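Asks: Sending over a structure as structure tokens; questions will come in a sec.
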Amino acid sequence: MSFKEEYKKKLVTAEEAVGAVKSGDWVDYGNFTMAPTYLDPFLAKRADELTDVKVRAVTYPGLAAVAQADPTREKFCYNNWHFSGGDRILHDKGLCNYVPLLYHEGPGFYSNEHVASDVFIVKVAPMNRSGYFNFGPSCSISKAVANRAKKVIVEVNSSAPYCYGGYNESIHVSEVDYIVESDNKPLFSLPAAAISEEDNQIAKLIMNEIHDGSVIQLGIGGMPSAVGMMIAQSDLKDLGVHTEMLVDAFVDMYQSGVVTN
-17 MSFKEEYKKK
-7 LVTAEEAVGA
3 VKSGDWVDYG
13 NFTMAPTYLD
23 PFLAKRADEL
33 TDVKVRAVTY
43 PGLAAVAQAD
53 PTREKFCYNN
63 WHFSGGDRIL
73 HDKGLCNYVP
83 LLYHEGPGFY
93 SNEHVASDVF
103 IVKVAPMNRS
113 GYFNFGPSCS
123 ISKAVANRAK
133 KVIVEVNSSA
143 PYCYGGYNES
153 IHVSEVDYIV
163 ESDNKPLFSL
173 PAAAISEEDN
183 QIAKLIMNEI
193 HDGSVIQLGI
203 GGMPSAVGMM
213 IAQSDLKDLG
223 VHTEMLVDAF
233 VDMYQSGVVT
243 N
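Under our numbering, the first residue of the sequence shown carries the number -17, and numbering increases by one thereafter.
Printed below as a string of structure tokens:
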């Protein structure tokens, strides 16, 4: 069977895909921008049919429909171990549990045989000619979750970029149980932070502490963006990057040639 034939065989509707979730299941969502924002509402519509479904997510972009569908939390129990703004809102309403897990512990957590994962639902880029779906910019723990889950559902989105990342950035069609072609909405993204005059003044002071060969980490906000822009326009050489957030300013830094690692 060719990859395309296997794709067609596993291609189902959204309703058919979420039908794989049973009462009592542990359901894992793709993390960050690759959360299944298309399939989440379809699963939420099954609230009257299900009970005791536990959902785990990481920084869901928006308000998860499964959490809002059941205020009693008897149908869906929504859990998250890195809150987005939407997750904080749900938590304040008593609709989201915080899971105390450090980000780097994710793969190890899912390699534990005592951790249950019945269904993994994740957004992916379209299948390539070799039969692989890419996890886009959120590949960090996705393969570990897929390896633990009993069933894998992929939500194909043509807006998702193909991102390289070693051997764990993709999943093969042979490893997938159900394929759903989504509405292809653009991935969630944050607008660039405005840079104030105060940000620029602080950034100038920070630039005095950066030298050739320095290792850089930038976070989110106007001041880190100002620092990144100044670095990109400087004559600094051979900078390295070791960062949690790969913010837009890093693109300018890479393209200017100051970052060589």
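The beta carbon of each residue, even a glycine, is placed where N, CA and C say it ideally should be. All values reported here derive from a predicted model rather than from experimental measurement.
#1: Along the chain, where does the beta strand (DSSP E) that runs through V136 open and close?
#2: Under the three-state reduction of DSSP, which class applies to L200: helix, strand or coil?
#3: From this set, G204, V127 and M16, which residue's C-alpha is nearest S178's C-alpha?
#4: Could you tell me which uninterrupted beta strand (DSSP E) segments, each at least 3 residues in length, are contained entirely in the region -17 to 69, listed from first to last along the chain?
#5: Alpha carbon to alpha carbon, what distance is there between K105 and N246?
#6: Out of curiosity, what's the CA-to-CA distance linking F14 and G67?
#7: With V134 and A128 assumed to form a contact (beta carbons below 8 angstroms), what rounded beta-carbon distance in angstroms separates them?
#8: When DSSP labels each residue in this structure, what does N182 get in the three-state scheme?
#9: Is the beta carbon of G210 closer than 9 angstroms to that of V229?
#10: What three-state label does DSSP hand H224 in the structure shown?
#11: Could you tell me the boundaries of the beta strand (DSSP E) in which Y144 lies?
#12: What does DSSP give as the partner residue(s) for V158 in the beta ladder?
Replies: Reading off the structure:
#1: K133 to V138
#2: coil
#3: G204
#4: List check, beta strand (DSSP E) in window: 8 to 11, 35 to 39 and 58 to 62.
#5: The first residue shown for the chain is -17 and the last is 243, placing residue 246 beyond what the model contains.
#6: 12 angstroms
#7: Indeed, because the Cβ distance is near 5 angstroms, the residues count as touching under 8 angstroms.
#8: helix
#9: yes
#10: coil
#11: Note, Y144: premise wrong, no beta strand (DSSP E); not H, not E.
#12: Answer is none; V158 lacks a bridge partner.
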